[in-house]
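K.L.:
Here UniProt numbering is used: the first residue of the sequence shown is 1, the next is one more, and so on.
Quick one: the structure is below, and I'll ask about it shortly.
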Amino acid sequence: MNRLSDRLIGFEPVVDITSRVLIVGSFPSKLSLQTGQYYANPRNDFWKIMGTIIGMPVDLPYDDRLSFLLSQGFGLWDVVYSCSRMGSSDSAIRDPEPAPIGSLLSRYPGISAVFCNGRRSETGLEQAMKLGQENKKRMVHTGYLPSSSPAHAVRFEEKCQSWMILRDYIVP
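Have a look at this one:
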């Protein structure tokens with residue numbers, strides 16, 4: 001049972017040298033942490049949205065979905081590396097430790113854009129980008145995408161339309 005005092009650790013980034021875009025969420029849901037998979041909640045629209053945008057079958061096994069994303073130039077991570085939290089709600093995140101996104105950007109210079117999946121990731125991005133980039137700052141495009149979470153009550157079609165900007169970054 002998760003008590004608020006328990007420290008939760010998020011996932012490692014999913015990126016490679018071909019990554020052009022990093023999509024960042026806030027922190028994995030309880031179900032994602034249990035399964036060890038990004039966006040494991042079947043009610044979360046992330047995989048369905050990305051499937052629509054890049055032509056990826058959503059019924060692929062998890063590892064194949066990650067490989068497909070990477071083959072199209074997309075990477076995944078979260079702005080919070082560790083935190084305390086009861087349940088899965090972003091509003092329940094306490095004592096967040098930012099992920100060192102700045103350091104990741106230094107190691108993967110091909111990443112030219114970071115898109116935030118939801119407002120919570122957007123609010124944590126600036127601090128996370130500073131980590132590891134103290135003397136090596138480089139400009140990357142940042143953008144906001146409406147949350148793929150089922151808690152964000154926007155129709156799937158509207159979310160998809162907003163996420164279509166990612167098509168501009170697909171690896172040819």
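Yeah, the Cβ is synthetic: ideal placement off N, Cα and C, and Gly gets one too.
Which residue comes first and which comes last in the alpha helix (DSSP H) that contains aspartate 59?
P.N.:
Within the sequence shown, residue 59 is the residue found at index 59, counting from 1. Element bounds for aspartate 59: n/a, residue is neither H nor E.
K.L.:
Using the C-alpha atoms, what's the distance from glutamate 122 back to leucine 145?
P.N.:
Looking up residue 145 in the sequence shown gives position 145. Looking up residue 122 in the sequence shown gives position 122. Taking the straight line joining both Cα atoms gives about 9 Å.
K.L.:
Among Gly25, Ile9, Asn41, which one has its Cα closest to the Cα of serine 32?
P.N.:
The residue labelled residue 32 in the question sits at position 32 within the sequence shown. It is Asn41.
K.L.:
Compare the C-alpha of isoleucine 165 against each of Asn117, Ser71, Ala99, Ala151 and name the closest.
P.N.:
Counted from its first residue, the sequence shown places residue 165 at position 165. Among Asn117, Ser71, Ala99, Ala151, the Cα nearest to that of isoleucine 165 is on Asn117.
K.L.:
Taking DSSP as the reference, what is the three-state secondary structure of alanine 128?
P.N.:
By one-based count along the sequence shown, residue 128 stands at place 128. Looking at alanine 128 - three-state DSSP - the assignment turns out to be helix.
K.L.:
Within the same chain, show all residues whose beta-carbon is closer than 8 Å to that of serine 19, passing over the 5 residues directly before and after it, in chain order.
P.N.:
Looking up residue 19 in the sequence shown gives position 19. Answer for serine 19: Leu70, Gly73, Phe74, Gly75, Tyr108, Gly110, Ile111, listed in chain order.
K.L.:
Name the two residues that bound the continuous alpha helix (DSSP H) containing glycine 51.
P.N.:
Translated into the one-based positions of the sequence shown, residue 51 becomes position 51. First-last of the alpha helix (DSSP H) with glycine 51: 46-54.
K.L.:
Measure the C-alpha to C-alpha separation of residue 178 and serine 82 and round it to an integer number of angstroms.
P.N.:
Because the chain in this structure spans residues 1 to 172, residue 178 falls outside the shown range and cannot be described.
K.L.:
Flag this pair as yes or no: are the beta carbons of arginine 167 and isoleucine 17 separated by less than 9 Å?
P.N.:
What you label residue 167 is simply residue 167 of the sequence shown in a count that begins at 1. What you label residue 17 is simply residue 17 of the sequence shown in a count that begins at 1. Not in contact: arginine 167 and isoleucine 17 (Cβ atoms no closer than 9 Å).
K.L.:
Keeping to the same chain, check which residues put their C-beta closer than 7 Å to that of residue 182; ignore five residues upstream and five downstream.
P.N.:
Beyond the ends of the chain as shown, which are 1 and 172, falls residue 182; an answer cannot be given.
K.L.:
Just list the beta strand (DSSP E) runs in the segment 72-102, keeping only unbroken ones of 3 residues or longer that don't cross its boundaries, in chain order.
P.N.:
Those beta strand (DSSP E) runs which fall completely within the segment 72-102 and span 3+ residues are 74-78, 80-84, 94-98.
K.L.:
Between Gln34, Val79, Pro100, Lys130, which lies nearest to glycine 87 when the distance is taken from Cα to Cα?
P.N.:
Position 87 of the sequence shown, counted from the start, is the residue given in the question as residue 87. Answer by Cα proximity: Gln34.
K.L.:
From alanine 92 to methionine 56, what does the alpha carbon distance come to, in whole angstroms?
P.N.:
Here residue 92 refers to the residue found at position 92 when the sequence shown is read from its first residue. Here residue 56 refers to the residue found at position 56 when the sequence shown is read from its first residue. Approximately 32 Å, taken between the alpha carbons.
K.L.:
Give me, in chain order, the residues of the same chain whose beta-carbon lies closer than 8 Å to that of aspartate 78; leave out the 5 immediate sequence neighbours on both sides.
P.N.:
For this step, residue 78 is matched to residue 78 along the sequence shown. For aspartate 78, where only same-chain residues beyond five positions count, the Cβ hits under 8 Å are Gly10, Phe11, Val24, Gly25, Ser26, Phe27, Pro28, Ala99, Ser121.
K.L.:
With DSSP as the reference, label phenylalanine 156 as helix, strand or coil.
P.N.:
The sequence position of residue 156 within the sequence shown is 156, counting from 1. Looking at phenylalanine 156 - three-state DSSP - the assignment turns out to be helix.
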